[in-house]
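In UniProt numbering, the protein residues as written are 1 to 907.
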């Protein structure tokens, strides 16, 4: 028997370790278990080896303890740009303290961390711009900056070189003709008035000692100066002048240093890109050559230093992560050439080779769907989503747009030479923030697997620099409510701590700005028109508390909730618009259960459930969650205060909305679902059983169709399961007629989650509402239930150190697998149900434990009998029991719709 293998260490929540924005980065490591690992193993001590690049001898720090997640930095602080290489080894024993006591593991693989520029005076570069404007005043034409340089004569070789770069806009750089890095739309979108991200690149291999070097940087408007927002949007929301910051630092093998900064010695000129916009796409003129300095001979000027703080974010950059081949080329009813990539995705086209006659144009119009045999562009609203190539008569190699992205499955092509493109002539490049995938799910039902795939694809498409609401139309904004409801699903599927931790800092800056009254913006970064009212909104603004809580549950990072603490408390103390009794002001409009399927297409907030009930349910829940976070931080007085506040508000909620018999005012799937999920019923099992029966009646009366919007969808399946109606949750999941989760999958061949339950109507028409997207992750929040109840795994304690394993089989699903690469290692659950025999294999990572409840032991319908939970420790475990899921399929209260496909409900 042996200790587990220690995986390569990680630093903070940083994507790579290059450019960590702290001198004392916390360390984390996970474990790779094997059959030879001591069962029920727990770490008891660890050693960290720190080898600074500037020191000849590494230091080893020994610590007694079981901590392996976000461990304090043990050595002296790093200085700006300084690097160190880290290895870790651990010792441990069995939980029973009797076996293989304190066997020392091998050293982990080495990991290198490098500090960012940590002090304001480390930034020596200047922000520069052309002396005179190049091109029209909106859209701004992309600019190309250029600087030639020769390394000092004593630089015989380059041992280390870094490029620190950012922009008022988005940038792409080359050195000596080779692209710097692989990022897209760098440095990403932040709240430019407060925080401006910069990126750090290792360019050691790109520099040429003893020769002329050339750095060329293309700069476009991106989110900084481009048109943003719906209803026409607005240009120059942050500024109307593009600016570049660059700082190059190099060292040779004798520790000689040399640097180059952006200043007015650089030259600039127009780019071959006539225009490049987020919404409208890019125009490339191949007749314009930028291969020599004659096109970049204009002078530059130094801009005033922005007031925003320069930050090196933990979030990974946007990258191309996959190439999708074209699946089919066909003609529309009007004989237009259409490319079908078989997947609704976010990204851009790539054409390896194309010859276009001089002055001729080829255009590419992107859209998500086909309607009546033509490209369905109406959902784009005011976004052109069109790229154009203007030919030079010579062959263009490896063309792809540089500073835009589109949401599309289909592309209409006009002007392609000859008979048009073949499937091999064009690819689609998938773009998103390059997060690590860590959560997986599959089951025996192929339609449910496609639904889960759609959830993943919608997350990929909408986590592009920030968490957005849609990737195709003239919006693409960071709506807080969408993220709040989807966050548990997202954070299981991918490691979101970097991107969402960064986004929450922007949210706090904008919320806490003087004059905002403690109310966060509905979109972050703030980019909606000034005529949109700045008013408090439950569900959306509750993101200030509920999203940090989800990230804490997945990471156990107290530092994150400490950093967001003022934002959380300010929202509850100042932001909520309260009536005298402390509940929500009943006279203010609420988004509430947005996009309830009963709401009219042009009035998506007018649903079944009382808006103020939804707001108050969330207020009770958010207050009690915040009280728990206060306790986590050791703020006991505040924990007591907010617990008492939450209980008082809960009593007010019960008095206002719940009758003595357990009936809920505004009885709806959303209303009862929220009350069950948030624990709002009194401690009276009779009232709770009445609520469960009422919810069952609503579901059956609806013929198992979904009847929830943004607020109700994340909770409805959980609520049915908690109320002992898991078979009804499965029956809703497996419904295929509209509205349902599987209607888009089965009837419409959808490959992403839709914004509306009926974004495409059964007759093939696009929903008439002007707000219709076919890539919108909010209704994919059901993924949290798929992972936790169907797959059976969820965190029981923050950071997944104690795992809750409680699969609840149902429907026609006879097997499921769920796995999660957590902070400590792999958690995996694999179960099968054959002829009433349930069997399950479970993997628990080293240093962890799990509470396991088998399906035969699940207690429901608010039974007074306590539910069993077996405690198991790290290792591989097998379980078996008898289980009868009950009648399938459940019968509705009224006549059922047409039969569903066999694969969906057949037993």
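Positions of the beta carbon are idealized from the N, C-alpha and C atoms, including for glycine. Everything numeric in this text was worked out from a predicted model, so none of it was measured.
If residue i and residue j are in contact, beta carbons under 8 Å, what's the gap, nearest whole angstrom?
i           : j           : result
residue 575 : residue 518 : 4 Å
residue 20  : residue 45  : Contact doesn't hold; Cβ gap of about 25 Å is too wide.
residue 842 : residue 805 : 6 Å
residue 153 : residue 165 : Their Cβ separation, rounded to whole angstroms, is 26 Å, which puts residue 153 and residue 165 out of contact at 8 Å.
Buried or exposed, going by whether 16 or more other CB atoms sit within 10 Å of the CB of residue i?
i           : result
residue 397 : exposed
residue 665 : exposed
residue 369 : buried
residue 708 : buried
residue 387 : buried
residue 908 : Shown here, the chain extends from 1 to 907; a query on residue 908 therefore has no answer.
residue 61  : exposed
residue 402 : buried
residue 147 : buried
residue 506 : buried
residue 137 : exposed
residue 108 : buried
residue 874 : buried
residue 828 : buried
residue 57  : exposed
residue 211 : exposed
residue 867 : exposed
residue 79  : exposed
In terms of alpha-carbon separation, which member of the options lies closest to residue i?
i           : options               : result
residue 343 : 411, 302, 378 and 363 : 411
residue 373 : 549, 339 and 59       : 339
residue 239 : 126, 308 and 272      : 308
residue 285 : 154, 141 and 191      : 141
residue 277 : 705, 185, 669 and 451 : 185
residue 549 : 568, 302, 533 and 540 : 568
residue 122 : 249, 481, 462 and 173 : 249
residue 650 : 629, 614 and 631      : 614
residue 480 : 471, 413, 500 and 495 : 500
residue 771 : 891, 460 and 378      : 378
residue 3   : 439, 158, 106 and 655 : 106
residue 59  : 485, 87 and 793       : 87
residue 625 : 282, 776, 639 and 490 : 639
residue 643 : 459, 125 and 627      : 627
Grouping DSSP H, G and I as helix and E and B as strand, with all else coil, what is residue i?
i           : result
residue 298 : strand
residue 219 : strand
residue 704 : coil
residue 435 : coil
residue 548 : helix
residue 696 : helix
residue 564 : coil
residue 349 : strand
residue 878 : strand
residue 658 : strand
residue 131 : coil
residue 336 : coil
residue 175 : strand
residue 190 : coil
residue 892 : coil
residue 429 : strand
residue 286 : coil
residue 779 : helix
residue 164 : strand
residue 884 : coil
residue 321 : strand
residue 199 : strand
residue 714 : helix
residue 18  : strand
- Query: Counting only runs that start and end within the stretch 25-90, where is the beta strand (DSSP E) found for 3 or more residues in a row?
  - Reply: With a minimum length of 3 residues, the continuous beta strand (DSSP E) runs that stay inside the stretch 25-90 are 41-52 and 59-64.
- Query: Which runs of the alpha helix (DSSP H) spanning at least 4 residues fall entirely within the stretch 725-769, listed in chain order?
  - Reply: Counting only runs of 4 or more, we get 726-734 and 743-748.
- Message: As an exercise, report each continuous alpha helix (DSSP H) stretch of at least 4 residues that is fully enclosed by the stretch 441-502, in chain order.
- Response: Counting only runs of 4 or more, we get 446-462 and 480-493.
- Task: Could you pull out every unbroken alpha helix (DSSP H) segment of at least 4 residues lying fully inside the stretch 214-262, listed in chain order?
- Result: List check, alpha helix (DSSP H) in window: 222-225.
- Which full runs of the alpha helix (DSSP H) of 4+ residues lie inside the UniProt domain "Alpha-L-rhamnosidase C-terminal" (792-867), going along the chain? Correct list: empty.
- Run through the stretch 579-616 for me and flag every whole beta strand (DSSP E) of 3 or more residues, listed as ranges in chain order. Correct list: empty.
- Every unbroken beta strand (DSSP E) within the stretch 361-404, with a cutoff of 3 residues, ordered by chain: Entirely contained in the stretch 361-404, the beta strand (DSSP E) runs reaching 3 residues are, in chain order, 361-367, 386-390 and 395-399.
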